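For what it's worth, numbering that gives the first Met the number 0 labels the leading residue of the sequence shown as 0, then goes sequentially. Only one structure is covered here, and it is reproduced in the block below.
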Amino acid sequence: MTVALCLLTAFAITFLALPSVIQVARIKNLYDVPTERSSHSKNTPSLGGVGIFAGAVFSIIFWTDFQSSSNMKYALCSMIIIFLIGLK
Numbered sequence: 000m001t002v003a004l005c006l007l008t009a010f011a012i013t014f015l016a017l018p019s020v021i022q023v024a025r026i027k028n029l030y031d032v033p034t035e036r037s038s039h040s041k042n043t044p045s046l047g048g049v050g051i052f053a054g055a056v057f058s059i060i061f062w063t064d065f066q067s068s069s070n071m072k073y074a075l076c077s078m079i080i081i082f083l084i085g086l087k
């Protein structure tokens with residue numbers, strides 16, 4: 000049951016965050032410009048992963064009991080470090 004609630008929370012946060020993230024990407028002109036190798040034909044906002052990451056992280060923080068699952072702290076820190084390295 001907790002896994003279902005975690006997934007539902009992550010989906011809801013992502014669903015609510017993505018319009019704002021896309022709007023910020025448009026205001027700041029953060030687009031992926033298509034090239035001959037691209038699968039898309041027009042400019043695409045490139046910050047969608049931020050909303051997805053936020054949904055996943057906040058859901059994990061909200062639903063995880065960090066006292067009983069100590070390895071989850073390390074997994075969460077690793078996710079954040081990898082995200083920050085990949086952020087433009």
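All residues carry an ideal CB built from backbone N, CA and C; glycine is no exception. Values in this document were obtained by computation on a predicted structure and should not be read as measured data.
DSSP three-state assignment for residue i, whether helix, strand or coil
| i | result |
| --- | --- |
| Thr13 | helix |
| Gln66 | coil |
| Leu4 | helix |
| Ser77 | helix |
Neighbourhood of residue i by C-beta distance below 6 angstroms, restricted to the same chain and skipping five residues each side
| i | result |
| --- | --- |
| Ser58 | Cys5, Thr8, Ala9 |
Residues that residue i bridges to, as DSSP identifies them
| i | result |
| --- | --- |
| Pro44 | Tyr30 |
Candidates the options: closest to residue i by CA position
| i | options | result |
| --- | --- | --- |
| Thr21 | Ile51, His39, Ser38, Ser77 | What sits at residue 21 in the sequence shown is Ile, not Thr. It is Ile51. |
| Leu15 | Ala55, Thr63, Trp62, Asp64 | Ala55 |
| Ile26 | Gln66, Pro44, Phe65 | Pro44 |
| Ile60 | Lys72, Val49, Arg36 | Lys72 |
Burial state of residue i, where buried means 16 or more other Cβ atoms lie within 10 Å
| i | result |
| --- | --- |
| Leu46 | buried |
| Ile81 | exposed |
| Ile12 | buried |
| Ala3 | exposed |
8 angstroms CB neighbourhood of residue i in its chain, flanking five on each side removed
| i | result |
| --- | --- |
| Thr1 | Trp62 |
| Val32 | Asn42 |
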